[in-house]
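A short worksheet on the structure shown next.
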Amino acid sequence: MNELRVDGDSLMKLLSELAAHGRSPSGGWTRPALSEADAAARRIVIARLAALGLEIRHDEVGNLRARRPGSDGAAAPVWTGSHLDSVPSGGYLDGPLGVAGAVCALEALARAKVKTRRAIEVVVFVGEEGSRFPRGTIGSAAVSGELSAVEVLALRDAEGVSFADALAAYRDPGAAIPARVAPGEVHAFVELHVEQGGVLEANGAQIGAVTAIAGLVQRAVTFTGDANHAGATPMHLRRDALLAAAEWALALERAAREVGGGAVATVGKLEVFPGGKNIIPGRVEAICDLRAPDAAHLDAVDARAVAALQHGAARRVAVSERRLQRVEPGAMDERVIAAVERAAAQVGLRSHRMVSGAIHDALHMAEVTASSMIFVPSVGGRSHCPEEETRPEHLTAGATVLAHLLLGLAG
Ligand code: HGY
Ligand code: MN
Ligand code: MN
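For the sequence shown, position 95 matches number 94 in numbering that gives the first Met the number 0, and the numbering has no gaps at all.
See below:
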């Protein structure tokens, strides 16, 4: 059914409508989970899906669940979707492409007058980025059961606002359905997403078929020294919290390079207190983000990160740390990976099998159903920054592959 094609203009128009919410004065997009910008973008998606006649529901943690019925009501549905929340000053495609692509893929199925045997559900997962609340992939972790709804609703942001109170921003009408999905309740899951790296560009491929997703550990560390006068305190008397943190960050870089196997380490968030230009830093709050494609390398880089905290002692700086999150790496399902490759071939596109270094909701969905992802190339391999971009023809190609894949999986 080669006439099954997504309308590229409609996809770009929907992406720009979503991008109108959450523009950041510092450039890019800042759309925290459950913020008014997040809720506004979600209402646009609801309107488009309702116009297609889908049954619109929401679950107890705020995941949106829009259902296109199939001819066999007893058959487990196929799910597709992604997230709308962003990192601070991020891009406009990370998340929204998977949501807008799903909307446009279902519009293409409707235009082609396709009735599938299985229902298809479009899911907008809440709080994937972990930028507002202490952890990420919140909505999909509630679906897989890694988090209970009670645990999610009790999460608090930096201002002390509970997830439960923030959820009111969505103003979802009616009763919520349970978030937890048991294995077998969903036939398959597929997420369309920008690659966020440079592998597809380097291989000249338009479509990525994701075989596995890296795991992650995030730790919050506090370095406590002495705030003191920058001019009157001799170097040998200092307990400089920032220098201890700096040595730790450099030790993390060494650890990732030496552990290898695709391990990476980042200190993306670091705050200096009291923060005066003429005060020796008394306290530093830092968060590290460690990733690896398999548990052994993730354990190795995490162990090195914890061991490197002893740098503080050499400077008489006290160090305390707590783990914020650990997400296990996960393999995607061969049946769905092959279906991605078939769908790409159906529309004449070259696909490339690859591992995702970024975390996605598909990682939790893989715990309850056969899952994989469709990647499209990121220009210059850039993401989580205002420069995030993908060529329109690749965006449309990815959504068209999704339409063919959904038709194939839903039967
Ligand atoms: O951090 C990640 O990999 C994803 O963007 N949340
Ligand atoms: Mn992201
Ligand atoms: Mn994402």
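For each residue, glycine too, the CB sits at the ideal point set by N, CA and C. Bear in mind the structure is a predicted one, so any value in this text is a computation, not a measurement.
Report the option in the options whose CA atom is closest to the CA atom of residue i.
| i | options | result |
| --- | --- | --- |
| residue 271 | 146, 284 and 172 | 284 |
| residue 249 | 287, 386 and 180 | 287 |
| residue 94 | 225, 374 and 148 | 374 |
| residue 41 | 163, 171, 400 and 228 | 171 |
| residue 186 | 235, 124, 118 and 232 | 118 |
| residue 178 | 394, 331, 212 and 60 | 60 |
| residue 262 | 235, 226, 294 and 353 | 294 |
So for residue i, helix, strand or coil by DSSP?
| i | result |
| --- | --- |
| residue 161 | strand |
| residue 45 | helix |
| residue 277 | coil |
| residue 284 | strand |
| residue 440 | The structure shown does not extend to residue 440, since the chain spans only 0 to 410, so no value can be given for it. |
| residue 36 | helix |
| residue 358 | coil |
| residue 397 | helix |
| residue 269 | strand |
| residue 0 | The predicted model places residue 0 with a pLDDT of 48, which falls under 50 and marks its position as unreliable; any figure quoted below should be read in that light. In this structure, residue 0 counts as coil in the three-state DSSP scheme. |
What is the rounded straight-line gap between the Cα of residue i and the Cα of residue j?
| i | j | result |
| --- | --- | --- |
| residue 58 | residue 109 | 26 Å |
| residue 246 | residue 388 | 34 Å |
| residue 390 | residue 19 | 19 Å |
| residue 154 | residue 126 | 11 Å |
| residue 303 | residue 252 | 10 Å |
| residue 0 | residue 79 | Its pLDDT being 48, under 50, residue 0 is placed unreliably by the model, and the measurement read from it follows with that caveat. Rounded to the nearest angstrom, the two C-alpha atoms are 20 Å apart. |
| residue 308 | residue 223 | 12 Å |
| residue 202 | residue 300 | 28 Å |
| residue 152 | residue 237 | 43 Å |
| residue 402 | residue 392 | 15 Å |
| residue 258 | residue 296 | 7 Å |
| residue 189 | residue 159 | 34 Å |
| residue 32 | residue 195 | 20 Å |
| residue 69 | residue 410 | 9 Å |
| residue 362 | residue 111 | 31 Å |
| residue 360 | residue 298 | 22 Å |
| residue 404 | residue 336 | 10 Å |
Got a sec? Which residues, its chain only, sit under 6 Å from residue i by beta carbon, not counting five neighbours each side?
| i | result |
| --- | --- |
| residue 23 | 29 and 88 |
| residue 215 | 290, 326 and 358 |
| residue 39 | 20 |
Can you give me the start and stop residues for the alpha helix (DSSP H) that residue i sits inside?
| i | result |
| --- | --- |
| residue 247 | 240–258 |
| residue 112 | Run containing residue 112: none; DSSP gives neither H nor E here. |
| residue 310 | 310–313 |
| residue 334 | 333–345 |
| residue 422 | Nothing in the structure corresponds to residue 422, since the chain is present only between 0 and 410. |
Name the two residues that bound the continuous beta strand (DSSP E) containing residue i.
| i | result |
| --- | --- |
| residue 421 | This structure leaves residue 421 out entirely; the chain is present only between 0 and 410. |
| residue 303 | First-last for residue 303: 294–306, but that is the alpha helix (DSSP H), not the beta strand (DSSP E). |
| residue 375 | 369–375 |
| residue 65 | 63–67 |
| residue 326 | 317–326 |
Output needed for residue i: all residues of its chain with C-beta closer than 8 Å, excluding positions within five of it in sequence on either side, in chain order.
| i | result |
| --- | --- |
| residue 174 | none |
| residue 351 | 198, 199, 202, 204, 206, 207 and 208 |
| residue 320 | 218, 219, 220, 221, 305 and 308 |
| residue 324 | 129, 133, 134, 135, 215, 216 and 217 |
Near residue i, which residues of its chain fall below 7 Å by C-beta distance, leaving aside the five closest residues on each side in sequence?
| i | result |
| --- | --- |
| residue 398 | 5, 10, 100, 103, 104 and 191 |
| residue 311 | 222, 243, 317 and 318 |
| residue 48 | 55, 65, 102 and 121 |
Closest Cβ-Cβ distance between residue i and chain C: below 8 Å?
| i | result |
| --- | --- |
| residue 81 | The structure shown contains no chain C, having only a single protein chain. |
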